[in-house]
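**Q**
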Amino acid sequence: MSQTRQFISADAAEGPFFVGVDLGGTNVKVGTVDNQGRPLSWLSIPTESEKGPEDGTRRMGEAVKRAISEAGLDPAQIARVGLGSPGTMDIPAGKLVKLVNLKGWDNFPIRDRLSSHCGLPVAFSNDAAAAAYGEFWVGSGRELASIVLLTLGTGIGCGIIIGDLSIIGENSHGAECGHIIIDCTKNARVCGCGQPGHLEAYASATAVIKRTQEALDAGRTSSLSERIAGGADLTPKLVADEAEAGDEFSLEIILETARYLGIGIVSLMHTIDPAGVLLAGAMTFGGNETELGRRFLGRIKEEVKRRAFPVLAERTTINFASLGGDAGYIGAAGIARVEHQQAN
């Protein structure tokens with residue numbers, strides 16, 4: 082789905098200004114925002130991770146400078162840069178620890194190297210935490226005092242924002258909510274991390290594909306079989322297409338995924354008591370724009386209502402996120418803004 086971006090001019094913007102950098106396995110998104118989170122510029126460059134982290138941070142630094150220029154600003158007007166990165170990390174040390182999709186980037190001091198290349202101070206965060214802060218600051222959570230954001234994709238990412246605080250934890254492993262346990266039985270599905278029973282093993286895109294294929298192999302009747310025999314790849318998008326076309330099994334898979342998410346969300350509600358839980362990522366089935374997306378969300382809410390304390394089920398907002406692919410860079414800039422305010 083294409084995304085239309087609207088920018089404000091430097092003359093209409095409110096300083097101080099911040100640049101957000103959203104590092105992904107394929108692309109790096111960079112944008113300049115003002116003190117209210119309104120974008121002034123945006124650009125994307127290929128990650129080209131095979132060239133190594135030093136080359137990557139050099140090109141990210143160049144992209145930061147370009148984003149500032151395209152916003153009509155001078156580098157002296159930028160208070161701080163924010164960087165959101167995937168993988169495990171040591172946030173206080175500014176280091177990447179281990180990255181699945183960025184081979185050769187392990188144990189790299191990315192915060193300080195980016196700062197050196199762009200000539201500005203850099204705030205460092207997990208990419209899911211950055212996306213959560215973006216939604217909290219100017220997205221679907223802007224009217225809420227606290228949120229949990231679940232990003233549904235190959236895995237399940239999470240960010241927790243309470244007030245202006247992003248929960249990173251003592252060991253930079255806070256908000257790893259894709260790994261909460263929802264199944265303690267001996268036959269529990271095994272997560273990609275190697276442990277059994279995790280939410281990600283049931284409700285990620287990888288899990289949807291695996292559950293669907295297992296059922297088809299066991300003889301379930303579905304129009305998916307014809308599509309796959311005709312050369313189509315089994316993906317959550319294909320499952321969604323067939324569900325929308327009336328395939329009962331495909332719809333069952335999607336609503337079962339919603340049930341698993343509801344179970345996990347209840348645990349988060351009982352632990353954190355957030356004002357809202359937001360769903361983002363590639364696997365939201367069209368969100369509020371489609372009937373399937375609305376049914377998916379409705380099934381999550383049904384499970385929450387069935388399992389959560391009544392006051393939480395009644396008062397907690399559960400909705401889709403709204404910033405799409407821009408949440409990461411806007412949120413990274415927002416975390417930089419918080420760090421700037423704390424330092425001044």
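Residue numbers (my numbering): 82 to 425.
Just so you know, even glycine gets a beta-carbon here, dropped at the ideal spot from N, CA and C.
So for Ala204, helix, strand or coil by DSSP?
**A** It is a strand residue.
**Q** Please go through the stretch 125-174 and give each complete alpha helix (DSSP H) segment of 4 or more residues, from N-terminal end onward.
**A** Here the runs fully enclosed are 134-151.
**Q** Can the beta-carbon of Gly362 be found closer than 8 Å to that of Thr232?
**A** Yes, the pair counts as a contact, with Cβ atoms nearer than the cut-off.
**Q** Quick one: what's got a C-beta closer than 6 Å to Phe401's C-beta in the same chain, skipping five residues either side?
**A** So the qualifying residues of the chain are Leu360, Thr365, Gly368, Asn369.
**Q** Check whether the stretch 158-175 and the stretch 187-203 touch, using three or more Cβ-Cβ pairs below 8 Å as the test.
**A** Flag = yes, the stretch 158-175 and the stretch 187-203 touch.
**Q** Cutting at 7 Å between CB atoms, please list the residues of its own chain near Arg445, excluding the five before and the five after it.
**A** Past the boundaries of the shown model lies residue 445; the chain is included only from 82 to 425, so the question cannot be answered.
**Q** Less than 6 Å between C-beta atoms, sequence neighbours within five positions excluded: which residues of the same chain meet that for Val358?
**A** So the list reads Val229, Ile346, Ile399, once near-sequence residues are dropped.
**Q** Just curious, the alpha helix (DSSP H) that Ala321 is in, first and last residue?
**A** Unbroken alpha helix (DSSP H) run through Ala321: 317-325.
**Q** Going by the beta-carbon positions, is the gap between Ala269 and Gly275 smaller than 8 Å?
**A** No; because the gap between Cβ atoms is not below 8 Å, this pair is not in contact.
**Q** With a 10 Å radius around its C-beta and 16 neighbouring C-beta atoms as the bar for buried, classify Lys179 as buried or exposed.
**A** Lys179 should be labelled exposed.
**Q** Quick one: does Gly412 have its CB under 8 Å from some CB of chain D?
**A** Here there is only one protein chain, and chain D is not present.
**Q** The alpha helix (DSSP H) spanning Ile416 covers which residue range?
**A** Its alpha helix (DSSP H) spans residues 408-424.
**Q** Secondary structure at Cys272, three-state DSSP: helix, strand or coil?
**A** Here Cys272 sits in coil by DSSP.
**Q** The alpha helix (DSSP H) spanning Ser304 covers which residue range?
**A** That run of the alpha helix (DSSP H) goes 304-310.
**Q** Just the Cα atoms here: how many angstroms apart are Asp314 and Ser306?
**A** Answer to the nearest angstrom: the Cα atoms are 11 Å apart.
**Q** Go to Cys258, then tell me how far its beta strand (DSSP E) extends in each direction, as first and last residue.
**A** Neither: Cys258 is in no beta strand (DSSP E) and is coded neither H nor E.
**Q** I believe Phe99 touches Ala417 by the beta-carbon criterion, under 8 Å. Please report the beta-carbon distance rounded to the nearest angstrom.
**A** With a Cβ gap of about 5 Å, Phe99 and Ala417 count as contacting.
**Q** For the beta strand (DSSP E) containing Val358, list its first residue and its last residue.
**A** From DSSP, the beta strand (DSSP E) with Val358 extends over 357-361.
**Q** Is Trp218 helix, strand or coil when you go by DSSP?
**A** Three-state DSSP puts Trp218 in a helix.
**Q** Compare the beta carbon distance of Leu183 and Gly168 with 8 Å and say whether it is the shorter of the two.
**A** Yes, these two residues count as a Cβ contact at 8 Å.
**Q** Count the CB pairs spanning the stretch 103-111 and the stretch 119-132 that are closer than 8 Å, and state whether there are at least three.
**A** Contact between the stretch 103-111 and the stretch 119-132 is present, because at least three Cβ pairs lie under 8 Å.
**Q** CB Ala226 to CB Gly250, shorter than 8 Å?
**A** No, the Cβ-Cβ distance between Ala226 and Gly250 is not below 8 Å.
**Q** Taking the Cβ atom as the reference point for each residue, do Ala210 and Gly240 lie within a distance shorter than 8 Å?
**A** Contact: yes.
**Q** On the three-state DSSP scale, how would you describe Ser90?
**A** Note: Ser90 maps to coil in three-state DSSP.
**Q** Compare the Cα-Cα distances from Phe88 to each of Gly118, Gly379, Ser197, Ile159 and report the closest residue.
**A** For the residues Gly118, Gly379, Ser197, Ile159, the minimum Cα distance to Phe88 belongs to Gly118.
**Q** Please classify Asn207: is it buried, with 16 or more other beta-carbons within 10 angstroms of its beta-carbon, or exposed?
**A** Asn207 comes out buried.
**Q** For Gly327, is the classification buried or exposed, using 16 other Cβ atoms within 10 angstroms of its Cβ as the cut-off for buried?
**A** Gly327 should be labelled exposed.
**Q** For Ser122, does the count of other Cβ atoms within 10 angstroms reach 16, so buried, or fall short, so exposed?
**A** Burial call: buried.
**Q** Please state the DSSP three-state secondary structure of Gly101.
**A** Reduced to three states, the DSSP call for Gly101 is strand.
**Q** Grouping DSSP H, G and I as helix and E and B as strand, with all else coil, what is Ile248?
**A** Correct three-state label for Ile248: coil.
**Q** Within this structure, are the beta carbons of Lys146 and Cys199 separated by less than 8 Å?
**A** Against a cut-off of 8 Å, the Cβ pair of Cys199 and Lys146 comes out as a contact.
**Q** Whose C-alpha, out of Leu246, Ser247, Thr266, Ala288, is nearest the C-alpha of Gly259?
**A** Nearest option by C-alpha distance: Ala288.
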